[in-house]
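Here is the structure we will look at, set down as structure tokens.
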Amino acid sequence: MTCDLLQLATPGVAGLQPYQAGKPIEELERELGLKNIIKLASNENPLGPGPMVRAAMKQPLDISRYPDGNGYELKSALAEYHGIRPEQITLGNGSNDVLELSARAVVTSEHEVIFSEHAFAVYPLVTGAIGAKAVIVPARNFGHDLKAMQGAISKRSRLMFVANPNNPTGTWSTRSELRSLLEAVPEHIIVVVDEAYFDYVQEPDYPDCIEWLPEFPNLVVTRTFSKVHGLAGLRVGYSISHKDLADLMNRVRQPFNVNSMAMVAAKTALKDTTHIEQSVKLNQNGMQQLTDAFDSMGLNYIPSAGNFVCVDLQQPGKEVFQQLLHKGVIVRPIDNYGMPNHLRITIGLEEENEKFIKALKKVIGKVKREA
Ligand SMILES: *Cc1c(COP(=O)(O)O)cnc(C)c1O
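Going by the working numbering, the sequence shown opens with residue 3, and the numbers climb by one from there.
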């Protein structure tokens with residue numbers, strides 16, 4: 003081959019690292035020949051989808067036909083659920099898709115996109131793919147510093163990503179902090195608030211930004227079916243915004259970006275409030291279980307509003323991660339998020355959390371003895 007294909011990369015793409023996904027269970031089984039591996043690495047709901055969704059997915063579905071490209075039924079269900087109009091909705095192949103659509107609709111390589119240090123990895127990917135400049139604002143106590151993000155606005159700013167709560171840190175912004183930001187941001191700068199973990203959050207001062215949409219035409223709120231609804235494998239998410247912004251996002255959307263099965267499952271998941279409640283309860287108990295264990299081991303962690311928690315190991319997380327793999331436990335190293343001494347643990351079932359805690363105690367003891 004004479005042509006160096008890597009040289010063909012656009013400037014924005016040349017600087018990107020591919021998204022690092024959690025290690026698949028099957029891959030680890032093949033590599034280490036282990037059985038009964040548990041994965042607490044990608045913030046999925048350990049219960050999976052609820053009984054109503056499982057039943058709906060068994061119903062006959064004509065998959066020889068293209069899905070409804072306008073997602074009429076799912077949008078109707080979402081409009082009713084949120085008390086908004088269907089024209090305000092953009093459906094996505096996961097909310098990652100809508101995050102990208104929001105940027106592609108309004109951002110060019112002349113623009114700047116603002117987000118926080120340690121923020122969700124999809125924001126730099128989306129920004130780089132367009133060739134726009136990423137303005138990364140230093141975090142405060144691992145969380146978003148919204149005042150500093152406001153201060154980072156320039157003539158070239160066009161979009162801001164706010165993860166609330168943020169992944170991987172689990173940190174969240176309060177109602178008053180976020181409102182102050184929205185009130186300060188000029189209307190030609192789009193503010194995308196990513197609420198992927200909305201249902202898990204128990205903090206009383208945590209805002210539901212969908213309520214503020216009538217006041218802020220530049221606000222886009224994204225939600226997903228991948229987390230509390232237990233449908234990560236089906237890929238379905240959405241945003242709600244002013245209808246004109248939704249119109250722009252839908253222009254750049256691939257015509258059939260959400261598949262038929264995903265739409266059936268998603269509209270059913272909205273109705274299964276019992277499953278959502280059970281999932282949230284399980285998460286609260288599991289969070290307590292893990293943080294109690296960290297306390298008893300003398301390990302610091304970042305208080306999290308999500309279904310995951312970052313623990314500070316005071317030593318390279320990558321090494322502890324590797325040793326945990328050998329004990330059949332997959333968690334997430336986050337050195338790629340600029341947090342080399344932390345590991346992110348997804349809250350699992352009680353027995354999974356227990357297996358992780360046991361493994362961590364053994365590994366940490368061992369790593370310390372070797373040091
Ligand atoms: C998991 C996650 C999402 C959801 O991604 P999907 O594409 O909907 O699966 C979005 N934002 C953040 C911050 C997340 O952690």
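Where is the CB? At the ideal position from N, CA and C, for every residue including glycine.
Could you have a look at residue i and say whether DSSP puts it in helix, strand or coil?
| i | result |
| --- | --- |
| SER228 | coil |
| ASP196 | strand |
| VAL311 | strand |
| HIS277 | helix |
| SER175 | coil |
| PRO170 | coil |
| TYR339 | helix |
| GLY24 | coil |
| LEU221 | strand |
Determine the contact status of residue i and residue j, defining contact as a CB-CB distance below 9 Å.
| i | j | result |
| --- | --- | --- |
| GLY50 | ILE332 | no |
| GLY383 | GLY232 | With the chain represented from 3 up to 373, any question about residue 383 goes unanswered, as that position is not in the structure. |
| GLY330 | ASN38 | yes |
| ASN309 | ASN45 | yes |
| PRO69 | THR173 | no |
| PHE163 | TYR199 | no |
| GLU189 | ARG158 | no |
| ALA123 | GLN22 | yes |
| GLU197 | GLY340 | no |
| LEU250 | ALA81 | no |
| ALA267 | MET59 | yes |
The alpha helix (DSSP H) with residue i in it runs from where to where?
| i | result |
| --- | --- |
| ILE27 | 27-34 |
| HIS328 | 319-328 |
| ARG253 | 245-254 |
| LYS97 | For the sequence presented, residue 97 should be read as Ser rather than Lys. Run containing SER97: 97-108, per the alpha helix (DSSP H) assignment. |
| TYR125 | 124-132 |
| PRO48 | Looking at the DSSP string, PRO48 is not in any alpha helix (DSSP H), and its letter there is neither H nor E. |
| MET151 | 148-153 |
| GLY52 | Careful: GLY52 lies outside any alpha helix (DSSP H) and carries neither H nor E. |
| PRO270 | A small fix is needed here, since residue 270 is Thr in this sequence, not Pro. Element bounds for THR270: 262-271. |
| VAL238 | That residue, VAL238, is in no alpha helix (DSSP H); it is neither H nor E in DSSP. |
| ALA11 | Element bounds for ALA11: n/a, residue is neither H nor E. |
Quick one: what's got a C-beta closer than 8 Å to residue i's C-beta in the same chain, skipping five residues either side?
| i | result |
| --- | --- |
| ASP207 | THR176, ARG177, SER178 |
| LEU215 | ILE86, GLN90, LEU221, VAL223, ILE242, SER243, HIS244 |
| ASN98 | VAL124, GLY239 |
Looking only at its own chain, which residues have a Cβ that is under 7 Å from the Cβ of residue i, when we skip the five neighbours before and after it?
| i | result |
| --- | --- |
| ALA295 | ILE359 |
| ALA105 | VAL115, VAL128, THR129, ILE132, LEU161 |
| ILE65 | SER262 |
| ASP201 | VAL230, ILE278, VAL282 |
| VAL313 | PHE296, LEU301, TYR303, HIS344, LEU345, ILE347 |
| GLY96 | THR226, SER228, ARG237, VAL238, GLY239 |
| GLN316 | ASN343 |
| LEU184 | VAL193, TRP214, PHE218, LEU221 |
| GLU29 | none |
| GLU75 | MET265, LYS269 |
| TYR83 | LEU272 |
| SER156 | GLU114 |
| VAL203 | PRO167, TRP174, ALA307 |
Starting from residue i, follow the beta strand (DSSP E) in both directions and report where the run begins and ends.
| i | result |
| --- | --- |
| MET162 | 159-165 |
| GLU114 | 114-118 |
| ALA136 | 135-139 |
| ILE39 | Here ILE39 belongs to no beta strand (DSSP E), and DSSP marks it neither H nor E. |
| ILE349 | Here ILE349 belongs to no beta strand (DSSP E), and DSSP marks it neither H nor E. |
| ILE304 | 302-304 |
Short of 6 Å in beta carbon distance, which residues of its chain neighbour residue i, apart from the five on each side in sequence? Order them along the chain.
| i | result |
| --- | --- |
| LYS77 | PRO88, ILE91 |
| GLY350 | LEU42, PRO48 |
| CYS211 | VAL195, VAL223 |
| LEU93 | GLY73, TYR240, VAL260 |
| ALA186 | GLN152 |
| THR12 | GLY133 |
What are the uninterrupted segments assigned as beta strand (DSSP E) that are 3 or more residues long and contained completely in the segment 59-102, given in chain order? Every beta strand (DSSP E) stretch that sits fully inside the segment 59-102 and reaches 3 residues is listed by chain position as 91-94.
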